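Chains as they are written, first to last, in my numbering: chain A, 1 to 204; chain B, 205 to 408; chain C, 409 to 612.
Below you can see the structure in the form of structure tokens.
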């Protein structure tokens with residue numbers, strides 16, 4: 001199926017981004033494998049745990065693991081192209097985000113989640129892995145502080161929840177994923193971020 | 205029920221504290237939502253995962269999510285009152301801690317937990333969310349290093365486990381929660397902390 | 409059983425290492441308990457969550473908790489011997505790693521895991537607790553960046569998966585655990601690390 005292929009594609013892209021963070025952080029090859037793994041499947045894994053869908057999704061279908069390991073080796077081999085790959089990688093990452101979000105929302109709905117919870121599960125599936133990657137790399141998760149990344153996921157998830165009863169799964173998936181992809185690329189291209197709200201100076 | 209109302213109150217207070225940490229850390233509004241969410245329900249969520257009580261508690265009852273989102277918006281709107289709110293917020297936080305602990309111990313006992321495990325689940329419910337908040341904010345969890353916070357939770361949990369078979373759930377809940385509240389406020393007022401044990405200088 | 413005794417021994421050793429990290433990080437006694445706990449049972453706990461084996465393993469058998477609390481008090485009492493204990497502690501830690509890995513692989517296989525997943529569960533059981541400890545101590549997990557620690561776990565896990573159908577559980581356990589122990593001690597003694605792959609300077 002197309003969605004499954006795109007899911008594996010997103011897994012590969014997320015894994016590469018995780019492996020390169022590991023390289024940047026001076027980790028060894030095991031660290032690169034771990035960071036690639038948590039970036040690629042971390043969000044979906046936490047979603048599965050919260051839903052009670054265990055063993056988790058990559059437990060039976062080891063193709064995910066194969067893709068992640070191959071992507072990690074590829075990322076290490078091509079690490080000198082890291083900077084040149086920034087722009088294509090971000091586009092690919094936006095596609096991965098779009099696919100992960102619709103898969104996450106769909107699975108949550110299949111488990112009987114309320115609409116708002118389903119949207120959250122979609123956002124978690126799309127953004128959770130990158131957040132765990134950043135925590136393991138001893139950084140504050142990037143998704144919490146800048147750019148339109150989570151917002152694209154939220155918008156896509158909300159549209160999915162609304163359209164799904166009307167248009168059915170297939171059409172809803174295409175529309176929602178396209179929306180995420182478009183919003184993410186539009187924000188990237190125009191360098192748009194969400195507003196921040198700073199506190200007045202605190203005496204601490 | 206009173207306990208449910210207090211639970212939602214504690215959820216709101218914890219959410220506000222999470223949102224303000226997000227503001228202090230220069231996160232955007234999505235980051236504030238996430239930090240509010242993990243602070244408010246993170247401890248109870250991990251408790252549910254460990255118990256095998258899935259889907260987790262906020263999955264069906266979306267009132268928690270509504271309270272958290274409203275509290276986050278309130279916290280952002282009132283962020284200039286951050287410093288003035290320190291003292292009332294800490295009192296409210298102590299009440300939230302007390303409620304979360306007794307709920308956590310009660311749920312663990314209902315799942316057949318041994319006494320010591322039930323106390324740990326209560327402490328986790330009360331203190332776990334704040335610890336995850338600190339990890340996401342790239343800080344060492346405050347609860348691990350200072351003040352009588354976890355100790356109040358432990359004492360309340362232990363009293364709960366002992367009194368529950370004797371006095372029944374209602375009376376035990378009131379007494380244990382009052383103990384947590386009293387200990388926490390007493391320590392705050394008198395600025396009491398647990399002892400630390402430093403290592404001799406390590407050659408590293 | 410011997411394996412159970414060694415499991416408790418490994419639990420004690422991991423708990424001591426966690427407690428000493430807490431001391432080094434200037435945490436209080438509650439922080440030491442928490443760090444000892446997550447170091448000792450964190451890896452196995454996440455393994456159980458991923459497998460859907462809930463409540464988790466230390467929920468019924470509170471002997472783990474007793475061992476951890478006693479080890480923490482011991483570690484605090486003996487904290488001045490911290491430096492002198494480095495070498496014997498690393499040897500004991502290697503034994504704990506070996507035991508945790510074979511237990512983790514065995515449990516995953518019992519849950520019907522594919523070979524590669526079983527190896528990952530073994531590595532997680534052995535290395536996960538230390539990684540959580542480091543995250544809570546606001547450091548990058550050591551296991552991701554240096555020394556032959558995870559590699560020993562991987563090798564032992566892989567050998568376990570291959571030999572188990574041939575030699576049976578008992579012999580396989582002994583051989584695999586010995587391999588982990590040997591590789592870890594050999595690497596320690598010779599100060600061997602995995603290669604790292606640095607990125608070219610990134611403009612960021």
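Just so you know, even glycine gets a beta-carbon here, dropped at the ideal spot from N, CA and C. Owing to the predicted nature of the structure, the values given are computational and were not obtained by experimental measurement.
With distances taken Cα to Cα, identify the nearest neighbour of residue 560 of chain C among C:535, C:533, C:591 and C:547.
Comparing Cα positions, the closest option is C:591.
Count the other C-beta atoms from every protein chain shown that fall within 10 angstroms of the C-beta of residue 598 of chain C, then say buried if there are 16 or more, exposed otherwise.
It counts as exposed.
When the Cβ atoms of the segment 540-553 of chain C are set against those of the segment 568-580 of chain C, are three or more pairs found closer than 8 Å?
The segment 540-553 of chain C vs the segment 568-580 of chain C: no contact.
Pop quiz: residue 245 of chain B and residue 301 of chain B are said to be a contact at Cβ under 8 Å. What is the actual Cβ separation, rounded to whole angstroms?
Not a contact, Cβ separation roughly 14 Å.
With three or more beta-carbon pairs closer than 8 Å as the criterion, would you say the segment 524-534 of chain C touches the segment 561-569 of chain C?
yes
What whole-angstrom Cβ distance do residue 381 of chain B and residue 306 of chain B have, given they're in contact under 8 Å?
5 Å between Cβ atoms; contact.
Distance cutoff 8 Å, beta carbons only. Does residue 217 of chain B sit that close to anything in chain A?
no
Looking only at C-alpha atoms, which of A:109, A:44 and A:75 sits nearest to residue 129 of chain A?
Relative to residue 129 of chain A, the option among A:109, A:44 and A:75 whose CA is nearest is A:44.
Can you find a C-beta in chain C that's less than 8 Å from the C-beta of residue 245 of chain B?
no
Based on DSSP bridge pairs, tell me the residues matched to residue 26 of chain A.
BP columns for residue 26 of chain A are empty, so no partner.
Run through chain B and tell me which residues come within less than 7 Å of residue 155 of chain A, C-beta to C-beta.
Here the premise fails: no neighbours, minimum Cβ distance about 12 Å.
How would you label residue 633 of chain C, buried or exposed, when you count the other beta carbons within 10 angstroms and need 16 or more for buried?
Coverage of chain C is limited to positions 409 through 612, which leaves residue 633 of chain C absent and any answer about it impossible.
Interface residues of chain B around residue 88 of chain A at Cβ under 8 Å?
Neighbours of residue 88 of chain A on chain B: none; closest Cβ ~26 Å, over 8 Å.
Please report whether the beta-carbon of residue 114 of chain A lies at a distance below 8 Å from any beta-carbon of chain B.
Residue 114 of chain A counts as touching chain B.
Assuming contact is defined by CB atoms lying nearer than 8 Å, are residue 67 of chain A and residue 19 of chain A in contact in what I supplied?
no
Find the nearest neighbour of residue 73 of chain A within the set A:91, A:166 and A:17, judged by alpha-carbon distance.
Ranking A:91, A:166 and A:17 by Cα distance to residue 73 of chain A puts A:17 first.
Give me the Cβ distance between residue 337 of chain B and residue 242 of chain B, rounded to the nearest whole Å; I'm assuming they're in contact under 8 Å.
6 Å
In chain C, which residues lie less than 9 Å from residue 25 of chain A when you measure between Cβ atoms?
548, 552 and 553
Which chain A residues are close to residue 543 of chain C, counting only those with a beta carbon under 9 Å from its beta carbon?
Simply 135, 136 and 138.
So, for residue 108 of chain A: in the same chain, excluding its five sequence neighbours on each side, which residues have a beta-carbon less than 6 Å away from its beta-carbon?
Within the same chain, residue 108 of chain A has close Cβ partners 118 and 121.
Which two residues bound the contiguous alpha helix (DSSP H) that contains residue 158 of chain A?
150-167
Under a CB-based cut-off of 8 Å, is residue 526 of chain C close to chain A?
no
For residue 204 of chain A, which residues of its own chain have a beta-carbon under 7 Å away from its beta-carbon, when the five flanking residues on both sides are left out?
No answer about residue 204 of chain A holds up, because its pLDDT of 39 lies below 50 and its placement is not dependable.
Thinking C-alpha only, which one of B:299, B:229 and B:308 is nearest residue 251 of chain B?
B:308
Could you tell me which uninterrupted alpha helix (DSSP H) segments, each at least 4 residues in length, are contained entirely in the segment 489-519 of chain C, listed from first to last along the chain?
494-518
Taking only three categories from DSSP, how would you classify residue 191 of chain A?
coil
Thinking residue 260 of chain B and residue 50 of chain A are a contact (beta carbons under 8 Å), I'd like their distance in whole angstroms, please.
5 Å
How about residue 94 of chain A and residue 185 of chain A: are their beta carbons less than 8 Å apart?
Yes, Cβ-Cβ distance for residue 94 of chain A and residue 185 of chain A is below 8 Å.
Give the straight-line distance between the Cα atoms of residue 232 of chain B and residue 520 of chain C, rounded to the nearest whole angstrom.
43 Å
Is there a Cβ of chain B sitting closer than 8 Å to that of residue 202 of chain A, yes or no?
Any reading at residue 202 of chain A needs caution, since the residue's pLDDT is 44, under 50, leaving its predicted position unreliable; the model's value is listed next. It does: the Cβ of residue 202 of chain A has a partner Cβ on chain B nearer than 8 Å.
Which residues mark the beginning and the end of the alpha helix (DSSP H) in which residue 340 of chain B is found?
319-340
For residue 469 of chain C, does the three-state DSSP call read helix, strand or coil?
coil
For chain C, check one thing: does any of its Cβ atoms lie closer than 8 Å to the Cβ of residue 383 of chain B?
no
Go ahead and label residue 439 of chain C buried or exposed: buried means 16 or more other beta carbons lie within 10 angstroms of its beta carbon, across all protein chains shown.
buried
If you drop the 5 nearest sequence neighbours on each side, which residues of the same chain put their C-beta closer than 6 Å to that of residue 209 of chain B?
none
Looking at chain A, is there any beta carbon in it that lies within less than 8 Å of the beta carbon of residue 258 of chain B?
So, interface residue.
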